[in-house]
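In full-length UniProt numbering, the protein residues as written are 1 to 294. Below you'll find the structure, written out as C-alpha coordinates, and then a few comments.
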Amino acid sequence: MKNTKDSVSKNFGRQIFDEKDFQSKCYMVTGNSADISSIFASLQEETGGVAIVCFDGDLYIEIDSSPIHMDKGTLCTFFSGNRFEYKGSSLEFIGYIAVIGSYFISNLDTHISITYFLYNKNNPVIPIPSEELNTIQQSLQIFSDKMERTDHPYHKEIMREILLIAMYEICAVYEQQEHNISGKKERLKKEEQLKEFLRLVELNCREERALEFYAQKLSLTSKYLSSNIKSLTGYSAAEWIHHILLLRIKSVLRSSPMSMQQVADYFHFPNASFFGKFFKKYTGMTPREYKLNA
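Okay, here's the thing in C-alpha coordinates:
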(Lines of atoms letter the chains of each structure in order from A and count residues from 1; the text may use other names and numbers.)
(Lines give C-alpha, C1' and ligand atoms only; values in the text may rest on other atoms or scores of the structure.)
Protein backbone atom coordinates (compact mmCIF):
# COMPACT_ATOMS: atom_id res chain seq x y z
CA MET A 1 0.00 0.00 0.00
CA LYS A 2 1.21 3.54 -0.80
CA ASN A 3 2.34 5.88 1.93
CA THR A 4 -0.79 7.62 3.18
CA LYS A 5 0.80 11.01 3.64
CA ASP A 6 2.26 11.04 0.13
CA SER A 7 -1.10 10.06 -1.34
CA VAL A 8 -3.09 12.58 0.65
CA SER A 9 -0.60 15.34 -0.12
CA LYS A 10 -1.17 14.64 -3.81
CA ASN A 11 -4.86 15.29 -3.27
CA PHE A 12 -4.40 18.02 -0.67
CA GLY A 13 -7.63 19.86 -0.05
CA ARG A 14 -9.20 18.40 -3.17
CA GLN A 15 -12.74 17.23 -3.54
CA ILE A 16 -12.06 13.68 -4.66
CA PHE A 17 -15.62 12.65 -5.43
CA ASP A 18 -18.97 14.33 -5.98
CA GLU A 19 -21.77 11.82 -6.48
CA LYS A 20 -24.75 13.89 -7.60
CA ASP A 21 -27.17 10.96 -7.52
CA PHE A 22 -26.44 10.39 -3.84
CA GLN A 23 -25.57 13.98 -2.84
CA SER A 24 -22.24 12.85 -1.35
CA LYS A 25 -18.84 14.53 -1.40
CA CYS A 26 -15.47 13.30 -0.15
CA TYR A 27 -12.25 15.14 0.65
CA MET A 28 -8.76 14.08 1.70
CA VAL A 29 -6.77 16.75 3.53
CA THR A 30 -3.52 17.21 5.40
CA GLY A 31 -1.73 19.86 7.42
CA ASN A 32 -2.75 23.17 8.94
CA SER A 33 -4.27 25.06 6.03
CA ALA A 34 -6.95 27.52 5.07
CA ASP A 35 -8.09 24.86 2.60
CA ILE A 36 -9.45 22.78 5.48
CA SER A 37 -11.35 25.81 6.76
CA SER A 38 -12.87 26.39 3.32
CA ILE A 39 -13.95 22.73 3.12
CA PHE A 40 -15.74 23.05 6.47
CA ALA A 41 -17.38 26.26 5.26
CA SER A 42 -18.64 24.48 2.13
CA LEU A 43 -20.12 21.68 4.26
CA GLN A 44 -22.46 24.23 5.82
CA GLU A 45 -24.31 24.29 2.50
CA GLU A 46 -24.79 20.51 2.40
CA THR A 47 -27.48 18.30 3.89
CA GLY A 48 -26.59 14.88 5.23
CA GLY A 49 -24.23 13.11 7.60
CA VAL A 50 -20.65 14.30 8.00
CA ALA A 51 -17.95 11.72 8.76
CA ILE A 52 -14.38 12.62 9.70
CA VAL A 53 -11.61 10.04 10.05
CA CYS A 54 -8.27 11.14 11.53
CA PHE A 55 -5.33 9.02 10.33
CA ASP A 56 -2.61 11.09 12.02
CA GLY A 57 -2.02 14.34 13.88
CA ASP A 58 -4.69 16.45 15.55
CA LEU A 59 -7.86 18.19 14.40
CA TYR A 60 -9.78 20.76 16.45
CA ILE A 61 -13.41 21.53 15.63
CA GLU A 62 -16.47 22.84 17.42
CA ILE A 63 -19.91 21.22 17.21
CA ASP A 64 -22.88 23.08 18.67
CA SER A 65 -20.44 25.28 20.64
CA SER A 66 -18.71 22.22 22.18
CA PRO A 67 -14.95 21.89 21.54
CA ILE A 68 -13.94 18.61 19.87
CA HIS A 69 -10.42 17.19 19.64
CA MET A 70 -9.60 14.36 17.25
CA ASP A 71 -6.29 12.55 17.20
CA LYS A 72 -4.85 9.55 15.35
CA GLY A 73 -7.28 6.68 14.87
CA THR A 74 -10.50 8.45 15.79
CA LEU A 75 -13.85 8.91 14.07
CA CYS A 76 -16.42 11.68 14.41
CA THR A 77 -19.83 11.78 12.73
CA PHE A 78 -22.64 14.31 12.92
CA PHE A 79 -25.37 15.78 10.75
CA SER A 80 -24.58 18.93 8.80
CA GLY A 81 -27.60 20.48 10.49
CA ASN A 82 -25.48 20.84 13.62
CA ARG A 83 -23.49 24.05 13.99
CA PHE A 84 -19.86 23.17 13.38
CA GLU A 85 -16.65 25.07 12.80
CA TYR A 86 -13.01 24.28 12.01
CA LYS A 87 -10.70 25.56 14.77
CA GLY A 88 -7.31 24.29 13.66
CA SER A 89 -5.11 21.28 13.02
CA SER A 90 -1.53 20.18 13.52
CA LEU A 91 0.97 20.11 10.67
CA GLU A 92 0.92 16.31 10.94
CA PHE A 93 -2.83 16.08 10.44
CA ILE A 94 -4.02 13.59 7.82
CA GLY A 95 -7.74 13.15 7.51
CA TYR A 96 -10.71 12.18 5.41
CA ILE A 97 -13.83 14.34 5.45
CA ALA A 98 -17.07 13.26 3.80
CA VAL A 99 -20.62 14.50 3.63
CA ILE A 100 -22.89 11.53 3.05
CA GLY A 101 -26.24 12.49 1.53
CA SER A 102 -29.39 11.21 3.23
CA TYR A 103 -30.42 9.48 -0.01
CA PHE A 104 -27.09 7.63 -0.07
CA ILE A 105 -27.54 6.57 3.56
CA SER A 106 -31.09 5.40 2.92
CA ASN A 107 -29.81 3.12 0.16
CA LEU A 108 -27.50 1.19 2.47
CA ASP A 109 -28.64 -2.35 3.20
CA THR A 110 -31.57 -2.38 5.60
CA HIS A 111 -29.63 -4.01 8.45
CA ILE A 112 -27.32 -0.99 8.55
CA SER A 113 -29.04 1.71 10.54
CA ILE A 114 -28.94 5.36 9.57
CA THR A 115 -28.40 6.00 13.25
CA TYR A 116 -24.70 5.18 13.00
CA PHE A 117 -24.29 8.51 11.22
CA LEU A 118 -25.92 10.44 14.01
CA TYR A 119 -23.92 12.82 16.15
CA ASN A 120 -24.06 11.65 19.77
CA LYS A 121 -23.61 14.58 22.12
CA ASN A 122 -22.05 12.45 24.83
CA ASN A 123 -19.71 10.55 22.53
CA PRO A 124 -18.81 12.80 19.58
CA VAL A 125 -15.45 11.09 18.98
CA ILE A 126 -14.82 7.35 19.17
CA PRO A 127 -11.62 5.36 18.64
CA ILE A 128 -11.22 3.14 15.59
CA PRO A 129 -9.52 -0.22 16.28
CA SER A 130 -6.26 -0.50 14.33
CA GLU A 131 -7.52 -3.27 12.05
CA GLU A 132 -10.64 -1.31 11.08
CA LEU A 133 -8.60 1.88 10.65
CA ASN A 134 -6.30 0.06 8.24
CA THR A 135 -9.28 -1.27 6.27
CA ILE A 136 -10.86 2.19 6.01
CA GLN A 137 -7.49 3.61 4.98
CA GLN A 138 -7.13 0.99 2.25
CA SER A 139 -10.64 1.68 0.95
CA LEU A 140 -9.95 5.39 0.74
CA GLN A 141 -6.58 4.77 -0.91
CA ILE A 142 -8.29 2.73 -3.63
CA PHE A 143 -10.90 5.46 -3.89
CA SER A 144 -8.20 8.08 -4.42
CA ASP A 145 -6.29 5.93 -6.94
CA LYS A 146 -9.39 5.26 -9.06
CA MET A 147 -10.88 8.75 -9.06
CA GLU A 148 -8.95 9.91 -12.13
CA ARG A 149 -10.28 7.12 -14.36
CA THR A 150 -13.21 9.21 -15.56
CA ASP A 151 -13.05 7.63 -19.02
CA HIS A 152 -13.85 4.20 -17.58
CA PRO A 153 -17.37 3.17 -18.69
CA TYR A 154 -18.32 2.20 -15.13
CA HIS A 155 -16.39 4.91 -13.29
CA LYS A 156 -19.37 6.25 -11.34
CA GLU A 157 -20.54 2.78 -10.34
CA ILE A 158 -17.06 1.74 -9.19
CA MET A 159 -16.58 4.91 -7.14
CA ARG A 160 -20.00 4.50 -5.57
CA GLU A 161 -19.27 0.92 -4.49
CA ILE A 162 -15.87 1.84 -3.04
CA LEU A 163 -17.53 4.63 -1.07
CA LEU A 164 -20.12 2.14 0.15
CA ILE A 165 -17.35 -0.13 1.45
CA ALA A 166 -15.89 2.76 3.44
CA MET A 167 -19.32 3.64 4.81
CA TYR A 168 -20.00 0.06 5.91
CA GLU A 169 -16.65 0.05 7.73
CA ILE A 170 -17.63 3.26 9.51
CA CYS A 171 -21.02 1.74 10.40
CA ALA A 172 -19.23 -1.29 11.82
CA VAL A 173 -17.12 0.90 14.13
CA TYR A 174 -20.29 2.38 15.61
CA GLU A 175 -21.96 -1.00 15.94
CA GLN A 176 -18.94 -2.31 17.88
CA GLN A 177 -19.04 0.74 20.15
CA GLU A 178 -22.79 0.47 20.78
CA HIS A 179 -22.48 -1.11 24.24
CA ASN A 180 -20.33 1.78 25.47
CA ILE A 181 -22.97 4.44 24.88
CA SER A 182 -25.00 5.54 27.90
CA GLY A 183 -28.78 5.71 27.72
CA LYS A 184 -28.74 3.06 25.02
CA LYS A 185 -32.34 1.88 25.30
CA GLU A 186 -34.01 5.30 25.12
CA ARG A 187 -31.59 6.53 22.42
CA LEU A 188 -32.18 3.47 20.26
CA LYS A 189 -35.93 3.96 20.55
CA LYS A 190 -35.68 7.52 19.28
CA GLU A 191 -33.30 6.53 16.50
CA GLU A 192 -35.61 3.74 15.37
CA GLN A 193 -38.39 6.32 15.18
CA LEU A 194 -36.11 8.52 13.06
CA LYS A 195 -35.23 5.66 10.75
CA GLU A 196 -38.90 4.72 10.30
CA PHE A 197 -39.83 8.37 9.74
CA LEU A 198 -37.24 8.72 6.95
CA ARG A 199 -38.40 5.45 5.41
CA LEU A 200 -41.99 6.68 5.40
CA VAL A 201 -40.97 10.00 3.87
CA GLU A 202 -39.06 8.19 1.11
CA LEU A 203 -42.18 6.13 0.34
CA ASN A 204 -44.82 8.85 0.62
CA CYS A 205 -43.31 12.29 -0.05
CA ARG A 206 -44.75 12.42 -3.57
CA GLU A 207 -48.25 12.61 -2.12
CA GLU A 208 -47.83 13.53 1.55
CA ARG A 209 -45.89 16.53 2.88
CA ALA A 210 -47.75 17.20 6.13
CA LEU A 211 -45.94 16.33 9.37
CA GLU A 212 -49.24 15.18 10.88
CA PHE A 213 -49.45 12.34 8.34
CA TYR A 214 -46.10 10.88 9.43
CA ALA A 215 -46.72 11.45 13.13
CA GLN A 216 -50.00 9.55 12.84
CA LYS A 217 -48.28 6.67 11.03
CA LEU A 218 -45.80 6.45 13.91
CA SER A 219 -48.50 6.87 16.60
CA LEU A 220 -46.75 10.00 17.90
CA THR A 221 -47.75 13.63 18.28
CA SER A 222 -46.32 16.00 15.68
CA LYS A 223 -44.59 18.01 18.41
CA TYR A 224 -42.91 14.94 19.94
CA LEU A 225 -41.77 13.60 16.56
CA SER A 226 -40.38 16.94 15.44
CA SER A 227 -38.59 17.45 18.77
CA ASN A 228 -36.92 14.02 18.59
CA ILE A 229 -35.77 14.48 15.01
CA LYS A 230 -34.42 17.97 15.69
CA SER A 231 -32.49 16.79 18.76
CA LEU A 232 -30.93 13.87 16.87
CA THR A 233 -30.12 15.46 13.51
CA GLY A 234 -30.17 19.22 13.89
CA TYR A 235 -32.95 19.41 11.28
CA SER A 236 -36.69 19.64 11.87
CA ALA A 237 -39.03 16.98 10.53
CA ALA A 238 -40.43 19.46 8.00
CA GLU A 239 -36.91 20.21 6.74
CA TRP A 240 -36.28 16.48 6.24
CA ILE A 241 -39.54 16.11 4.31
CA HIS A 242 -38.62 18.99 2.02
CA HIS A 243 -35.04 17.76 1.64
CA ILE A 244 -36.00 14.23 0.63
CA LEU A 245 -38.75 15.54 -1.65
CA LEU A 246 -36.25 17.84 -3.39
CA LEU A 247 -33.81 14.96 -3.86
CA ARG A 248 -36.58 12.98 -5.56
CA ILE A 249 -37.57 15.95 -7.74
CA LYS A 250 -33.97 16.61 -8.77
CA SER A 251 -33.51 12.97 -9.69
CA VAL A 252 -36.59 13.09 -11.94
CA LEU A 253 -35.52 16.39 -13.52
CA ARG A 254 -32.08 14.95 -14.33
CA SER A 255 -33.24 11.65 -15.75
CA SER A 256 -36.78 12.06 -17.10
CA PRO A 257 -38.03 13.62 -20.36
CA MET A 258 -41.22 14.76 -18.59
CA SER A 259 -42.38 18.35 -19.03
CA MET A 260 -42.53 20.70 -16.03
CA GLN A 261 -46.30 20.24 -15.88
CA GLN A 262 -45.89 16.46 -15.91
CA VAL A 263 -43.30 16.65 -13.11
CA ALA A 264 -45.65 18.90 -11.11
CA ASP A 265 -48.46 16.38 -11.60
CA TYR A 266 -46.19 13.46 -10.71
CA PHE A 267 -45.35 15.06 -7.36
CA HIS A 268 -48.95 16.15 -6.75
CA PHE A 269 -48.41 19.91 -6.90
CA PRO A 270 -51.59 21.86 -7.76
CA ASN A 271 -50.00 23.34 -10.90
CA ALA A 272 -46.67 23.98 -12.62
CA SER A 273 -46.48 27.55 -11.29
CA PHE A 274 -46.79 26.44 -7.66
CA PHE A 275 -44.22 23.70 -8.29
CA GLY A 276 -41.78 26.20 -9.82
CA LYS A 277 -42.12 28.60 -6.88
CA PHE A 278 -41.61 25.77 -4.37
CA PHE A 279 -38.50 24.50 -6.14
CA LYS A 280 -36.96 27.96 -6.52
CA LYS A 281 -37.62 28.79 -2.86
CA TYR A 282 -35.41 25.91 -1.71
CA THR A 283 -32.82 25.75 -4.52
CA GLY A 284 -32.50 29.30 -5.83
CA MET A 285 -33.32 28.26 -9.40
CA THR A 286 -36.33 27.20 -11.42
CA PRO A 287 -36.87 23.52 -12.25
CA ARG A 288 -36.13 24.27 -15.91
CA GLU A 289 -32.84 25.99 -15.01
CA TYR A 290 -31.86 23.04 -12.85
CA LYS A 291 -32.67 20.56 -15.62
CA LEU A 292 -30.59 22.52 -18.15
CA ASN A 293 -27.59 22.64 -15.78
CA ALA A 294 -27.86 19.13 -14.34
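From the three backbone atoms N, C-alpha and C, an ideal C-beta is built for every residue, glycine too.
- DSSP, read as helix, strand or coil, puts Thr221 in coil.
- Straight-line spacing of the CA atoms in Ala215 and Tyr154 works out to 41 Å.
- Within its own chain, the residues whose Cβ lies closer than 7 Å to the Cβ of Thr286, once the five positions on either side in sequence are excluded, are Gly276, Phe279, Lys280, listed in chain order.
- With fewer than 16 other Cβ atoms inside 10 Å of its own Cβ, Ala41 counts as exposed.
- The alpha carbon of Phe78 has as its nearest neighbour, out of Lys87, Ile63, His69, the alpha carbon of Ile63.
- For Tyr235, the secondary structure class from DSSP, reduced to helix, strand or coil, is coil.
- By the Cβ rule, the region 150-168 does not count as touching the region 190-200, because fewer than three pairs are nearer than 8 Å.
- Per DSSP, the continuous beta strand (DSSP E) segment holding Pro67 begins and ends at 66-70.
- Going by DSSP, Ser144 is part of the alpha helix (DSSP H) stretching over 130-146.
- Relative to Val252, the option among Arg206, Phe213, Ser231, Ala237 whose CA is nearest is Arg206.
- With a threshold of 16 other beta carbon atoms within 10 Å, Gln261 falls short and is exposed.
- Inter-segment contact for the region 231-238 and the region 254-272 is absent: fewer than three beta-carbon pairs are separated by less than 8 Å.
- Within the model, the alpha-carbon separation for His243 versus Val201 is close to 10 Å.
- Ranked by Cα distance from Arg254, the options Thr221, Glu239, Tyr290 are led by Tyr290.
- In terms of Cβ geometry, Val99 and Lys25 form a close pair [threshold 7 Å].
- With fewer than 16 other Cβ atoms from the protein chains shown falling within 10 Å of its own Cβ, Ala210 counts as exposed.
- Pairing Ala237 with Leu245 gives a Cβ-Cβ distance that is not under 7 Å.
- Straight-line spacing of the CA atoms in Lys72 and Leu59 works out to 9 Å.
- For the 7 Å CB-CB criterion, Ile142 and Tyr27 do not form a contact.
- For Glu207, the three-state secondary structure derived from DSSP is coil.
- Each of Gly88, Ser222, Ile128 was checked against the Cα of Glu212, and the nearest Cα belongs to Ser222.
- Rounded to whole angstroms, Met159 and Lys146 show a C-alpha spacing of 7 Å.
- Secondary structure note for Glu85: its beta strand (DSSP E) is the uninterrupted segment 84-89.
- Non-local beta-carbon contacts of Arg288 in its own chain, meaning distances under 7 Å to residues more than five positions away in sequence, involve Met260 in chain order.
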